[in-house]
């Protein structure tokens, strides 16, 4: 060990010690962030989204960053940066917006009053909307920056932080923002903290993501709600029409029947498939904890393929007619389904939407109309295998968790990763500390205290390793 | 003409004149009734239902009736009666409760602020929730009683009025009320005013009604809402399962596929069918005004059969997953459909419910559960052909409208008619003055001023004729 290595090794130990010593104060800051109900999909919370952006900006200014909250046609984008002249620069991406909280009655405590909790097997948790997705994860990075700054007085790399407020509603304004601020966002590598660990003890780096297409289908029939006694039997019911279309999308084998849907899907390499088989990813381990017993998708696929490398059609919400208490004997004028497709490999959101539109048209009775929303979409993404930065980050995670990190794909969609590639010419490392039982997007969302604490320590090690 | 006939003819003319002269005051009373938002399906309006019952009680007490508002486990039942010792007694049934008003934004004016309106072809209308169903119709009868009382000092028959407050939610408490008050409700004939005219110029007497079965189906899958990125492709989506079940209920020919569904359906007599064919009841006249072009039901049936003598399966409402603004990428834990069957001939609600339960079970994936509500039901009903009272009422209607009334069936369900038969051993004449364009159960419900005015005059004539 050279004396310089010894010095920086000791500096690293001191920084990690600072993370440990500062945990309570770090939690207090996270709780303050979690108290802001920055729900981006509901226009009623626009002010709270601004507040969340401003809160994070202040934290970073306190750490010596220059920070700008950029107005957009939607919720603001925060960009904060250091300019110490370090040889390398990382661009960190996260989001300050959170999912809606309904059904509110299923929360044990109010979603925006964060509290410490405990899992059945004794793990300490942080419970609040956004605890895991994504405020808790964002704060692991910011707390790592704080520990490095306060211990060593500087950062090992220059850092640009980009926090957006529309991730949960499809990031409609992010692409144009990235395009118009491309020069300012230049970096050597992008880091995204919005993914999960393999399990509570094993970190992971996500190297592939499914793409997504959001859309909404409304079927219209009668010009007004009709009395089902007077018209029932003769009048077309839009709920029946919509149900038939939804039912037709999957065949008995769980395959999507939209013509051309699988055209641009590619099979994972044999090596990846072999690695997946070895992971022992079973219905017992994956589905049983959420009350299910058997995979519902394509019957000739591995479970891990279904959630990582196969595309999907999913109804996220449906409504039509009378949905209040009691009954109301009507044939409704309209019925609506909120739809998302998960896309893989080369599937093009625009092409998939067009194919689905034809599919609907072919099934529409003569006296019905339909409206299919334009749709927000993003293609799937795959990180190039074994880049030097990936190797460095893997080693850093192994040092922290004392176990080899797993390199996996994710079924979720983080469109920004594709945009970084396309608009900023940047590779992205997706490293996050979420767990399968975090109840992301559900009531009683939580983030393990260990994820928060060791996540922060992990970023300290990764930033040192990337230098 | 004997001198007695001449006297009563002149008395009738005077009474009808009193109806004409009192129209403005009668409208003011109806408006007061319409201002009470007595929505029975929503527990939030319980007080307003009581208020509506009390309002009608006071009106009848003012006319010399004795009136009792009976508490029930649900909304109260009003019974008001005269006991003059007239040789015959009629039991009049109506309901003071109204349908919910959503979607509220489609109302041109607030639903409980009644106003006069005008149709495109120049007919004057009364616009409010309940204007036609059933407050306006109930008030035609009460205003006829008022005109008779004020002009002649007495009624030609004794009258018992029964106004219930749960017609729009399936009358759960009425059967037991009828059973326990059977002696008090004894009469020679029942009159129900909750049906429509054949067209704006032709009155009708309804002689058959479809029965009904209300129920609600909830499909449960995952134990909580899941992130559709992480679980999509592998986790069972209850909306898909529910849609498939709904889609399976009808075959390509529009027939219901539930085993045994048509077992107890009987064909209408050839004579009735021939009369129906002569009515020229077409998609053009019946469906076009509500924005539709072709009958949606069984393809081998007449349109009039579809809405009068054939049974139906209808989804009145559906909901599941995220239904707020924007999108939320979840696989929901549950999805629910509000269902009503229209029943005909000998179909038994309990048997139909059991058959549907088996149908659902046969289509349920291994890892889903379902809940099917017990269901409220009523069998279909048919009035015996050409009773003396029917003949008398027909003649009275002809005298008022100067055209032969049409004897028809109705696709709607008025369970009380079957209960009168079963529990009170009473025949019922269904005479009402609603029109097809009344938007019953829909926004901007209306009742023609002519229906209200000539409806009142009709009852004066009918009560004289039944004496």
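Chains as they are written, first to last, in the working numbering: chain A, 1244 to 1710; chain B, 1244 to 1710.
Where a beta carbon is used, it is the ideal one built from N, C-alpha and C, also for glycine.
All values derive from a computational prediction rather than experimental measurement.
Where do the N-terminal and C-terminal ends of the beta strand (DSSP E) with residue 1665(A) fall, by residue? No beta strand (DSSP E) contains residue 1665(A), which is instead part of the alpha helix (DSSP H) from 1658–1667.
DSSP three-state label for residue 1653(A), please. Residue 1653(A) carries a strand assignment under DSSP once its states are collapsed to helix, strand and coil.
Under 7 Å between beta-carbons, which chain A residues line up against residue 1610(B)? List them in chain order, please. In chain order: 1535, 1536, 1537.
Could you tell me if residue 1299(A) is buried or exposed, where buried requires 16 or more neighbouring beta carbons within 10 angstroms of its beta carbon? Classification for residue 1299(A): buried.
Are three or more beta carbon pairs between the stretch 1576–1594 of chain B and the stretch 1480–1488 of chain B nearer than 8 Å? Yes, the stretch 1576–1594 of chain B touches the stretch 1480–1488 of chain B.
Name the chain A residues that come within less than 9 Å of residue 1562(B), Cβ to Cβ? For residue 1562(B), the neighbours in chain A by C-beta distance under 9 Å run, in chain order, 1560, 1561, 1562, 1563, 1564, 1566.
Is the Cβ of residue 1332(B) closer than 8 Å to any Cβ of chain A? No, because no Cβ of chain A sits closer than 8 Å to the Cβ of residue 1332(B).
Does the beta carbon of residue 1281(A) come closer than 8 Å to any beta carbon on chain B? Judged by the 8 Å Cβ criterion, residue 1281(A) is not in contact with chain B.
Sequence-distant residues of the same chain with beta carbon closer than 6 Å to residue 1412(B), five excluded per side: Excluding its 5 nearest sequence neighbours in each direction, residue 1412(B) has C-beta neighbours in its own chain below 6 Å: 1283, 1284, listed in chain order.
Supposed close pair residue 1386(A), residue 1521(A) - CB separation, criterion 8 Å: Cβ atoms of residue 1386(A) and residue 1521(A) stay farther apart than 8 Å, at about 35 Å.
Determine the extent of the beta strand (DSSP E) in which residue 1621(A) is found, giving its start and end residues. Where residue 1621(A) is concerned, the enclosing beta strand (DSSP E) starts and stops at 1619–1621.
Can you tell me whether residue 1675(B) is buried or exposed, with buried defined as 16 or more other CB within 10 angstroms of its CB? Residue 1675(B) comes out buried.
Along chain A, in chain order, which residues have C-beta atoms closer than 9 Å to that of residue 1418(B)? Simply none; closest approach about 17 Å.
4 or more residues per run - each alpha helix (DSSP H) lying fully within the stretch 1410–1454 of chain B: Whole alpha helix (DSSP H) segments, 4+ residues: 1417–1423.
Pair within 8 Å by beta-carbon distance, residue 1450(B) and residue 1625(B): Result yes, Cβ atoms of residue 1450(B) and residue 1625(B) sit closer than 8 Å.
Can you tell me which of 1584(A), 1336(A), 1518(A) puts its alpha carbon nearest to the alpha carbon of residue 1429(A)? Measuring from the Cα of residue 1429(A), the nearest candidate turns out to be 1336(A).
For residue 1324(A) and residue 1261(A), the rounded distance between their alpha carbons: Rounded to the nearest angstrom, the two C-alpha atoms are 22 Å apart.
Determine the burial state of residue 1359(B): buried for a count of at least 16 other Cβ atoms within 10 Å of its Cβ, exposed for fewer. Classification for residue 1359(B): exposed.
Which residues does DSSP list as the beta-bridge partners of residue 1625(A)? Note: residue 1625(A) sits in a beta bridge opposite 1451(A).
If we call anything under 8 Å between Cβ atoms a contact, is residue 1464(B) one with residue 1535(A)? Yes, these two residues count as a Cβ contact at 8 Å.
Using DSSP with H/G/I as helix, E/B as strand and the rest coil, what is residue 1689(A)? Three-state result, residue 1689(A): strand.
From the DSSP output, in three-state form, read off residue 1499(B) for me. It is a strand residue.
With DSSP collapsed to three states, give me the class of residue 1483(A). For residue 1483(A), the three-state secondary structure derived from DSSP is helix.
Contact with chain A by residue 1286(B), beta-carbon distance below 8 Å: Yes, contact with chain A.
Tell me which residues of the stretch 1667–1684 of chain A have at least one Cβ-Cβ distance to chain B shorter than 8 Å, keeping chain order. Flagged, chain order: 1679, 1682, 1683, 1684.
Can you grab the Cα-Cα spacing for the pair residue 1369(A) / residue 1345(A), in whole Å? Spanning the two alpha carbons is a distance of roughly 19 Å.
Could you check where the beta strand (DSSP E) with residue 1604(B) kicks off and where it finishes? Premise fails: residue 1604(B) lies in the alpha helix (DSSP H), 1592–1605, not in any beta strand (DSSP E).
Members of the stretch 1402–1430 of chain A near chain B, C-beta cut-off 7 Å: Hits within the stretch, in order: 1412, 1413.
Flag this pair as yes or no: are the beta carbons of residue 1447(B) and residue 1650(B) separated by less than 8 Å? In this structure, residue 1650(B) lies closer than 8 Å to residue 1447(B) by Cβ.
Rounded separation between residue 1548(B) and residue 1467(A) - CA only: Each residue's CA atom was taken as its position, placing residue 1548(B) and residue 1467(A) some 23 Å apart.
For residue 1565(A) versus residue 1559(B), is the C-beta spacing smaller than 8 Å? The criterion of a C-beta distance shorter than 8 Å is satisfied by residue 1565(A) and residue 1559(B).
At the level of alpha carbons, what is the spacing between residue 1495(A) and residue 1288(B)? Rounded to the nearest whole angstrom, the CA to CA distance from residue 1495(A) to residue 1288(B) is 46 Å.
Going along chain B in order, which residues have a C-beta closer than 8 Å to the C-beta of residue 1585(A)? In chain order: 1471, 1472, 1475, 1476.
For residue 1516(A), which of 1416(A), 1544(A), 1708(A) has the nearest alpha-carbon? If we check each option's Cα against that of residue 1516(A), 1544(A) comes out closest.
Span of the alpha helix (DSSP H) around residue 1294(B): That run of the alpha helix (DSSP H) goes 1289–1305.
Take residue 1589(B) as the anchor and find which of 1354(B), 1366(B), 1508(B), 1388(B) has the nearest alpha-carbon. Checking every option, the nearest Cα to that of residue 1589(B) belongs to 1508(B).
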